[in-house]
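Reading the sequence shown from the start, the letters are residues 1 to 676 in full-length UniProt numbering. Virtual Cβ for every residue (Gly too), placed ideally from N, Cα, C. Given the structure is predicted, the values throughout are model-derived calculations rather than measurements. What follows is a set of notes on a single structure, which appears directly below.
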Amino acid sequence: MSKITTELLLERAVPRSTRLRKIETLNLSKLQLKTGDLDPRLFSRLRHLQKLDLSDNLLDKFPNSLTLPDLRVLNCNNNKLEDVTALKQFPLLEELTYENNVYLTLNDDYKVMFLLQNLRLLNGKDITKLANHVRRVNSRKLTSKVTAHWEKFFRDQLPEKYTAEQVKSIKKKFLKSVQTNVVYGPSSLSEFTRWRVKMIAEEFLEYSLGLELNSDTEPEEKTDENEEESTESPREAAEDVAQVVHIYDPLVTVTPSKRKRNHSKSSPGSKRSKSQANTKEEAEDVSAEPLHFLQCHSKGNSREDFKTQLWSCVFEPVLDSGARKDPIVSSSRTVATCGGESVCLIDCETGTVLKKYKVATEEFFSVAWTTLTMVISDSRKKAHNILAAAGRRGIVKLIHVAADFCYGEIKAHKKPIATVCFSPAQETHLFTASYDKRIALWDIGIPDCDYNFKASQLLVLEASSIPLRLALVPTCPEQYLLAGCEGGCFAWNIKLDKGQKSRPFEAIFQFPDDESMTTSHRVDGLAFLNDDVVVSKSSKPGCIYLWSWSRSFDAKGNGCQRTMSAVILAELEWSTTDMSYLTLSTCPAKEYVFCGDEKGSVWMYNLSSHTPGWGSPKGKRSERRIPPTQILKWPELQVNGEQPPEILVNNVVADPAFTYLVVLTSVNITAIWKKS
């Protein structure tokens, strides 16, 4: 029986506590504790623990899943620790002591400095400068040596067309050779060097070279409509280039410089990264302040990359909040973003890139979350968040984020996937919209405890042009799907009890065009503001329409491909640019619409005073265009001493409570604003 109980934890809390979740400081020293006494299930309840004393015990290692997300100070003096790599599970750790652990060496000190980005004090010494050298200079030198070793001895051994066995063989030979022959630094650090060389070599093979099986072949399209597709086993997935990895190298953080005071009152004000505004006037001017500017999607982690386009972002659902019941608490402060070869998970409050997932041969265009109830050990069920990511290769990657594991892929289309979205009614149902002018509905299945799963195609929706944006009708998400396409706005009946698996569109909507109505226009922005009001942006300069779904769509009519006139409720005043693909988003709980422009600005519309009038069956159209409530101007930035190039806002998304606003740009910069 474990020596640690709930009662013991409450008693050893400083000060004593009545609830585990309230404990911030805990003293578990001198209890003769062994590793098996640290029960992850019990420790997972210490969500706010910041200081932990485990000194003078008998620990030989740390369990890998203690789940102490807020731990800042850890004392492990006088134990029997043999390894420190499990400490990477405490990424916020700032102070660490493990003196008088006879099996630990200088090599372990260097491992800890590399693994823990926030570590300042190690065994009572300030290691900030040394740690930066280990993370940056040391890593650059070793990466250069590993790359040179491949080029000189192994590059010519890899044939143009290779098999799985050939890849496995050359990986094994290269990893053995590079650890033996790449030498750097004093001999006293040889163990650390070999450890880092292996890590760098594995990343080099996977991310720089893209040694992924079948990476040069086009994904096959299904010919048998009833055929089910299963992806690779966990062992095969572990060898795949597409794996979730933690980011250790510090990212380029772009800080806003002071904005001149001659801008409009909607200006975001002066420098506001972690500091407050310089004057009281500026603090009153802003309703949102710039918090972080990150350059985390760079190709090859290059600081000079201002060309990678960022396209999609979505906030992670909170698992224990009843997410489908209350939209205000349905997301965390963690957001997934994609662009170029990578997908990033970012903590909006701290600006920390929590995880990064890369595929060297991919360009990601879209990401989407779902929550699956999976069977874990002992046949217990638990909810887990799954991230789907897709792009140019037409393949959907499925990522179990908490496990840092890409467990499979779906070869959905032969051409690029423009956007993906999950059904709010069926958590395993995923829509993929492709450049092949088709929208496919997939059942991605639920992986078992070994990550075996099956994905099957349920529907194919035929479009007459490329679909760009998808929106399920909130009142009937299992029956109707809207899509903004290159050639207009379309609707499909997606009800699965109908026998027809391949379906044409049921309706195309026409909109005002000068003095007449037209269906022929690019719709590159589409979202629901509430259960009935649709917001769409067309290629017509300066035009964002709000229209009624229920009053526009006639479900009683017969036949397909009918033309219906959108019942316009209002127009939003927006930029006069004719530039396409600057998409919009909504925050239904707060009745906001957001859209970026070609100058790096974000146009925000608070429509709460308008929606009551639109709710009635005979609600009148607003006679004039509705101006933005506020325009957030892009701050003047210095990136490595230079101004970035012209900035387009490709996407802007708020969390459901409108606490954070994430702005994705055409210049590889993710901007995070916080509502003040």
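Residue i versus residue j: straight-line alpha-carbon distance, rounded
{"i": "R155", "j": "K173", "result": "12 Å"}
{"i": "S275", "j": "E202", "result": "Residue placement at S275 cannot be trusted, given a pLDDT of 30 that sits under 50; the coordinates are not used to answer."}
{"i": "E11", "j": "S17", "result": "7 Å"}
{"i": "I669", "j": "T361", "result": "21 Å"}
{"i": "L458", "j": "W442", "result": "6 Å"}
{"i": "V84", "j": "D108", "result": "6 Å"}
{"i": "K437", "j": "S464", "result": "6 Å"}
{"i": "A336", "j": "I386", "result": "11 Å"}
{"i": "A657", "j": "T583", "result": "20 Å"}
{"i": "E623", "j": "S609", "result": "15 Å"}
{"i": "N493", "j": "T428", "result": "19 Å"}
{"i": "L121", "j": "L664", "result": "36 Å"}
{"i": "V14", "j": "K51", "result": "10 Å"}
{"i": "N57", "j": "N530", "result": "57 Å"}
{"i": "I508", "j": "I647", "result": "33 Å"}
{"i": "S495", "j": "Q166", "result": "Before going further, note that residue 495 is Lys rather than Ser in the sequence given. Their Cα atoms are separated by approximately 46 Å."}
{"i": "V460", "j": "I444", "result": "15 Å"}
{"i": "D53", "j": "F62", "result": "14 Å"}
{"i": "K382", "j": "V183", "result": "46 Å"}
{"i": "S29", "j": "P40", "result": "18 Å"}
{"i": "K590", "j": "P612", "result": "13 Å"}
{"i": "I439", "j": "W549", "result": "21 Å"}
{"i": "L93", "j": "N75", "result": "11 Å"}
{"i": "C595", "j": "V534", "result": "14 Å"}
{"i": "N606", "j": "D404", "result": "38 Å"}
{"i": "R135", "j": "I127", "result": "12 Å"}
{"i": "A491", "j": "V396", "result": "24 Å"}
Span of the beta strand (DSSP E), counted from its first residue to its last, around residue i
{"i": "T370", "result": "364 to 375"}
{"i": "I170", "result": "Here I170 belongs to no beta strand (DSSP E); instead the alpha helix (DSSP H) covers 164 to 181."}
{"i": "A383", "result": "381 to 391"}
{"i": "G339", "result": "334 to 339"}
{"i": "V534", "result": "533 to 538"}
{"i": "F431", "result": "429 to 434"}
{"i": "R438", "result": "438 to 443"}
{"i": "residue 729", "result": "Outside the displayed span of the chain (1 to 676) sits residue 729, for which this structure offers no information."}
{"i": "A418", "result": "417 to 422"}
{"i": "L632", "result": "630 to 632"}
{"i": "E571", "result": "567 to 573"}
{"i": "C76", "result": "No beta strand (DSSP E) holds C76; DSSP gives it neither H nor E."}
{"i": "residue 683", "result": "Residue 683 lies beyond the range of the chain shown here (1 to 676); nothing can be said about it."}
Per-residue DSSP class, three states only, for residue i
{"i": "F43", "result": "helix"}
{"i": "V84", "result": "coil"}
{"i": "S456", "result": "strand"}
{"i": "M199", "result": "helix"}
{"i": "E591", "result": "coil"}
{"i": "F192", "result": "helix"}
{"i": "E95", "result": "strand"}
{"i": "S187", "result": "helix"}
{"i": "V134", "result": "helix"}
{"i": "D404", "result": "coil"}
{"i": "R624", "result": "coil"}
{"i": "P614", "result": "Note that residue 614 is Trp in the sequence shown here, rather than Pro. Correct three-state label for W614: helix."}
{"i": "S601", "result": "coil"}
{"i": "G394", "result": "coil"}
{"i": "F315", "result": "strand"}
{"i": "R551", "result": "helix"}
{"i": "K3", "result": "coil"}
{"i": "D53", "result": "strand"}
{"i": "R16", "result": "coil"}
{"i": "L71", "result": "coil"}
Where the alpha helix (DSSP H) containing residue i begins and where it ends
{"i": "Y451", "result": "Where Y451 is concerned, there is no enclosing alpha helix (DSSP H), given that its DSSP letter is neither H nor E."}
{"i": "H521", "result": "Element bounds for H521: n/a, residue is neither H nor E."}
{"i": "K152", "result": "139 to 153"}
{"i": "F62", "result": "Run containing F62: none; DSSP gives neither H nor E here."}
{"i": "N107", "result": "106 to 115"}
{"i": "T6", "result": "6 to 12"}
Neighbour flag for residue i against chain D, beta carbons, 8 Å
{"i": "Y451", "result": "The displayed structure is made up of one protein chain only, and chain D is not part of it."}
Counting Cβ pairs closer than 8 Å, one from the stretch 290 to 300 and one from the stretch 338 to 349, do we hit at least three?
Three or more beta-carbon pairs separated by less than 8 Å link the stretch 290 to 300 to the stretch 338 to 349, which places the two stretches in contact.
So, do the stretch 382 to 398 and the stretch 363 to 371 have three or more beta carbon pairs nearer to each other than 8 Å?
Two segments are said to touch when three or more pairs of C-beta atoms, one from each, lie closer than 8 Å; by this definition the stretch 382 to 398 touches the stretch 363 to 371.
Hey, is the stretch 409 to 419 in contact with the stretch 431 to 439, meaning 3+ C-beta pairs nearer than 8 Å?
Note that the stretch 409 to 419 touches the stretch 431 to 439; at least 3 beta-carbon pairs, one per stretch, sit closer than 8 Å.
Completely contained beta strand (DSSP E) runs for the stretch 460 to 529, where each covers 3 or more residues:
Listed in chain order, they are 467 to 472, 480 to 485, 488 to 493, 507 to 513, 516 to 518, 523 to 528.
May I ask you to verify whether the stretch 42 to 49 touches the stretch 20 to 27, counting CB pairs closer than 8 Å and requiring at least 3?
Taking 8 Å as the limit for Cβ pairs, the verdict is that the stretch 20 to 27 does touch the stretch 42 to 49.
Does the stretch 444 to 460 come into contact with the stretch 469 to 479, if we say contact requires no fewer than three beta-carbon pairs (one atom in each stretch) closer than 8 Å?
The count of Cβ pairs closer than 8 Å, one atom from the stretch 444 to 460 and one from the stretch 469 to 479, stays below three, leaving the stretches out of contact.
Are there three or more Cβ pairs, one per stretch, closer than 8 Å when the stretch 531 to 546 is compared with the stretch 563 to 576?
Because the criterion of three Cβ pairs below 8 Å is met, the stretch 531 to 546 and the stretch 563 to 576 touch.
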